[in-house]
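Those protein sequences? They're chains A and B, same order as listed.
Going by the numbering used here, the first residue of the first sequence is number 1, and it counts up by one from there.
Going by the numbering used here, the first residue of the second sequence is number 1, and it counts up by one from there.
2 protein chains.
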Amino acid sequence: MARSKQYNEQEVLEKAMSLFWRNGYENTSVRMLEKEMGINQFSIYASFGSKQGLFLESLKCYKSKVNCMFEKFKNSTNGINDIKDFFYDSVQVPIEVGNYKGCFLTNTYNEFAEAEDQIINTQMVEFMGGIKQLFIEKIRSDKSKDEQTVLKQANYLLLAKHGLAAASRVNDKQEIEDYIELTFKNL
Amino acid sequence: MARSKQYNEQEVLEKAMSLFWRNGYENTSVRMLEKEMGINQFSIYASFGSKQGLFLESLKCYKSKVNCMFEKFKNSTNGINDIKDFFYDSVQVPIEVGNYKGCFLTNTYNEFAEAEDQIINTQMVEFMGGIKQLFIEKIRSDKSKDEQTVLKQANYLLLAKHGLAAASRVNDKQEIEDYIELTFKNL
DNA sequence: AATATTTCTAAGCACTTGCTTAGTTTTAGA
DNA sequence: TCTAAAACTAAGCAAGTGCTTAGAAATATT
Numbered sequence: 001m002a003r004s005k006q007y008n009e010q011e012v013l014e015k016a017m018s019l020f021w022r023n024g025y026e027n028t029s030v031r032m033l034e035k036e037m038g039i040n041q042f043s044i045y046a047s048f049g050s051k052q053g054l055f056l057e058s059l060k061c062y063k064s065k066v067n068c069m070f071e072k073f074k075n076s077t078n079g080i081n082d083i084k085d086f087f088y089d090s091v092q093v094p095i096e097v098g099n100y101k102g103c104f105l106t107n108t109y110n111e112f113a114e115a116e117d118q119i120i121n122t123q124m125v126e127f128m129g130g131i132k133q134l135f136i137e138k139i140r141s142d143k144s145k146d147e148q149t150v151l152k153q154a155n156y157l158l159l160a161k162h163g164l165a166a167a168s169r170v171n172d173k174q175e176i177e178d179y180i181e182l183t184f185k186n187l
Numbered sequence: 001m002a003r004s005k006q007y008n009e010q011e012v013l014e015k016a017m018s019l020f021w022r023n024g025y026e027n028t029s030v031r032m033l034e035k036e037m038g039i040n041q042f043s044i045y046a047s048f049g050s051k052q053g054l055f056l057e058s059l060k061c062y063k064s065k066v067n068c069m070f071e072k073f074k075n076s077t078n079g080i081n082d083i084k085d086f087f088y089d090s091v092q093v094p095i096e097v098g099n100y101k102g103c104f105l106t107n108t109y110n111e112f113a114e115a116e117d118q119i120i121n122t123q124m125v126e127f128m129g130g131i132k133q134l135f136i137e138k139i140r141s142d143k144s145k146d147e148q149t150v151l152k153q154a155n156y157l158l159l160a161k162h163g164l165a166a167a168s169r170v171n172d173k174q175e176i177e178d179y180i181e182l183t184f185k186n187l
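So this is what it looks like as C-alpha cells:
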C-alpha cells in the first residue's frame with residue numbers, strides 16, 4: 001500500500017551515536033546528523049521524534065554495545081581483580097570501536113552535570129549508581145573488609161573510574177596504564 | 001576630553017569568568033554575558049575584542065585567583081604530602097569562591113580536548129605540563145625513589161588530579177575525601 | 001558655554017540552530 | 001493499471017549565534 005523505508009533505522013542510529021560520541025550533544029547539529037546518517041531531516045524526525053529522542057536512542061545503543069563488557073564484569077568471580085579488568089576493558093572499548101574519546105556515557109554525564117535536562121540527568125545518575133552497586137558487591141566478596149571500608153573503597157573506585165574516563169580523552173596509553181596499576185595498589 | 005567608562009573592566013571580567021566557569025565556552029552566549037556583566041555588547045567588544053578574547057582573559061583571571069594556592073604548593077617542603085594538600089585545596093577553591101563546579105581550567109581542558117581551537121589548546125597543554133613538572137619535583141624530593149618510579153607516580157597523580165577535577169563536579173564531599181585519602185595511601 | 005572625543009544604546013547583519021510543511025515520488029494492494 | 005498511503009525532497013520558519021554600526025548621550029578640555 002505504500003513505499004518502504006530506504007534506510008535501516010539501526011544502521012543510521014549507530015552513525016548518529018558515533019557522531020554524538022565524538023562531539024557531545026550540544027556540539028552536534030541536526031545538519032551534521034543529516035550528513036553522517038545519510039538521510040534527510042524529515043526522516044530523522046519521522047524515526048526518532050526529536051534531536052533529544054535520537055540522542056536517548058544513541059545512549060541506549062551505546063549501552064547495548066558495552067553490555068557484553070558489563071556482563072563479563074558481573075559474572076566474574078575474582079572480587080577486586082574483576083574491577084581492575086573492568087577498568088582496562090573500559091579504556092579499550094573506545095579504541096576498538098574506532099578510536100573514540102572516552103566513555104560516551106561519562107562524557108554525557110559531564111556535559112549534563114549542571115544542565116537542566118531532567119531526562120538525561122536521571123539516566124546518568126541511574127547508570128553511575130548501578131556501577132557503584134557492582135563495585136560494592138565485588139569488594140564485599142572479600143570478607144575481611146568491614147562495611148565502612150567497603151563503602152570507602154567503592155567511592156574511591158567510582159571516582160577513579162569517572163576520572164579515568166575523563167582523562168582517557170586526552171592522555172596516552174602509558175599514562176593510563178600507570179594510573180590503573182597504581183589505583184589498585186591502594187586497596 | 002571625553003566620557004569615562006561607566007564600568008570597571010576587572011569587575012565585569014570576574015563576572016564573565018564566573019559565567020564561563022559555570023557553563024563552559026560554547027554554552028555561554030554573548031547575550032548571557034551582557035546580562036551577567038551588566039554592560040552592552042558594544043562595551044564587551046570594545047574592552048575584550050571578541051568572545052574568545054574575553055574567554056582568554058577569564059582564564060587568566062582564574063589563574064590569578066588560584067595563584068596563591070599554587071604558590072603555597074610550590075614553596076612547601078613536605079614532598080608528596082604537599083601534593084595531597086594541593087588536592088584538598090583544589091576541591092576547596094570552587095566551594096569557597098561561590099559553589100562552582102570543578103576546576104575552570106580542567107573543565108576547559110575537557111571541553112576543548114578534541115576541538116580545533118589552537119590558542120586555547122596550547123594554553124591548556126602548558127598548564128597541565130606545569131603541574132606535572134611540579135609533581136615530579138615534589139616526588140623526587142624522596143631520594144629513595146628511582147627516576148622511573150618518580151615518572152610513574154607523577155603520571156598517576158596527574159590523571160588523579162584531572163579525574164578529581166572532573167568528578168568533583170558531580171560528587172559529594174565524602175566521596176571526594178575518600179578518593180583523595182586512598183589515592184595517596186601507597187605513595 | 002562650546003566642542004571634540006569617547007562611551008553607550010539599540011537596531012541590524014549574516015549565519016546557524018531545531019523543527020515543520022507543502023509538494024513530489026515511490027510502491028503495495030485493489 | 002489505477003490509486004491511496006507512506007516516504008521522501010527541499011524550502012522555509014522563528015529563534016538564537018557572534019559581531020557591527022549608525023547615531024544619541026555624556027564629559028574633560030578649551
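Note that the Cβ used here is the ideal one computed from N, Cα and C, for glycine as well.
Query                                                                                                                                                                                          : Result
For the region 120-131 of chain B, which residues have a CB atom closer than 7 Å to at least one CB atom of chain A, in sequence order?                                                        : none
Under the rule that 16 or more other beta-carbon atoms within 10 Å means buried, what is residue 103(B), buried or exposed?                                                                    : buried
Determine whether the beta carbon atoms of residue 87(A) and residue 164(A) lie at a separation below 8 Å.                                                                                     : yes
Thinking just about the alpha-carbon of each residue, which of 44(A), 17(A) and 18(A) is nearest to the one in residue 30(A)?                                                                  : 44(A)
Out of curiosity, what's the CA-to-CA distance linking residue 34(A) and residue 7(A)?                                                                                                         : 13 Å
Can you find a C-beta in chain A that's less than 8 Å from the C-beta of residue 81(B)?                                                                                                        : no
For residue 111(A), which option in 13(A), 11(A) and 27(A) has the closest C-alpha, if you only look at C-alpha atoms?                                                                         : 27(A)
Have a look at 172(B), 185(B) and 187(B) and flag the residue whose alpha-carbon is nearest the alpha-carbon of residue 92(B).                                                                 : 172(B)
Could you tell me whether the region 73-83 of chain A touches the region 139-158 of chain A, where touching means 3 or more Cβ pairs closer than 8 Å?                                          : yes
Going straight from the alpha carbon of residue 183(A) to that of residue 131(A), what length do you get?                                                                                      : 17 Å
For residue 55(A) and residue 25(A), which I take to be in contact (beta-carbon distance under 8 Å), what is that distance rounded to the nearest angstrom?                                    : 6 Å
Where do the ends of the alpha helix (DSSP H) carrying residue 98(A) lie?                                                                                                                      : 80-98
In whole angstroms, what separates the C-alpha of residue 39(A) from that of residue 46(A)?                                                                                                    : 11 Å
Buried or exposed: where does residue 153(B) fall if 16 or more other Cβ atoms within 10 Å of its Cβ makes it buried?                                                                          : buried
With a floor of 3 residues, list each beta strand (DSSP E) that falls wholly inside the region 127-169 of chain A, ordered by position along the chain.                                        : none
If you drop the 5 nearest sequence neighbours on each side, which residues of the same chain put their C-beta closer than 7 Å to that of residue 48(B)?                                        : 54 and 57
Does DSSP put residue 73(B) in a helix, a strand or coil?                                                                                                                                      : helix
Give every residue of the same chain whose Cβ lies closer than 7 Å to the Cβ of residue 32(A), excluding the five residues on either side of it in the sequence, and list them in chain order. : 19
When the Cα atoms are used, what is the spatial distance from residue 12(A) to residue 36(A)?                                                                                                  : 8 Å
Taking 8 Å as the threshold (beta carbon to beta carbon), is residue 159(A) in contact with chain B?                                                                                           : yes
Along chain A, which residues have their Cβ under 8 Å away from the Cβ of residue 174(B)?                                                                                                      : 155
Just to make sure I have the definition right: I need the residues of chain A whose C-beta is within less than 7 Å of the C-beta of residue 147(B). Which are they?                            : Here the premise fails: no neighbours, minimum Cβ distance about 14 Å.
Are residue 113(A) and residue 169(B) closer than 8 Å when you measure CB to CB?                                                                                                               : yes
Nearest CA to the CA of residue 60(B): which residue from 101(B), 108(B) and 82(B)?                                                                                                            : 108(B)
Can you give, in chain order, each stretch of the beta strand (DSSP E) that sits fully within the region 10-74 of chain B and has at least 3 residues?                                         : none
Does the separation of the CB atoms of residue 166(B) and residue 106(B) fall below 8 Å?                                                                                                       : yes
From the beta carbon of residue 91(B), is the nearest beta carbon of chain A less than 8 Å away?                                                                                               : no
Once DSSP output is grouped into helix, strand and coil, what is the label at residue 114(B)?                                                                                                  : coil
Among residues of its own chain, excluding the 5 on either side of residue 52(B), which ones have a beta-carbon nearer than 7 Å to its beta-carbon?                                            : none
Please confirm if residue 105(A) has its CB atom under 8 Å from at least one CB of chain B.                                                                                                    : no
In terms of residues, what are the limits of the alpha helix (DSSP H) holding residue 184(B)?                                                                                                  : Unbroken run through residue 184(B): none, as it is neither H nor E.
In chain B, which residues lie with their C-beta within 9 Å of the C-beta of residue 195(A)?                                                                                                   : As displayed, chain A neither begins before 1 nor continues past 187, which places residue 195(A) out of reach and without an answer.
Secondary structure at residue 123(A), three-state DSSP: helix, strand or coil?                                                                                                                : helix
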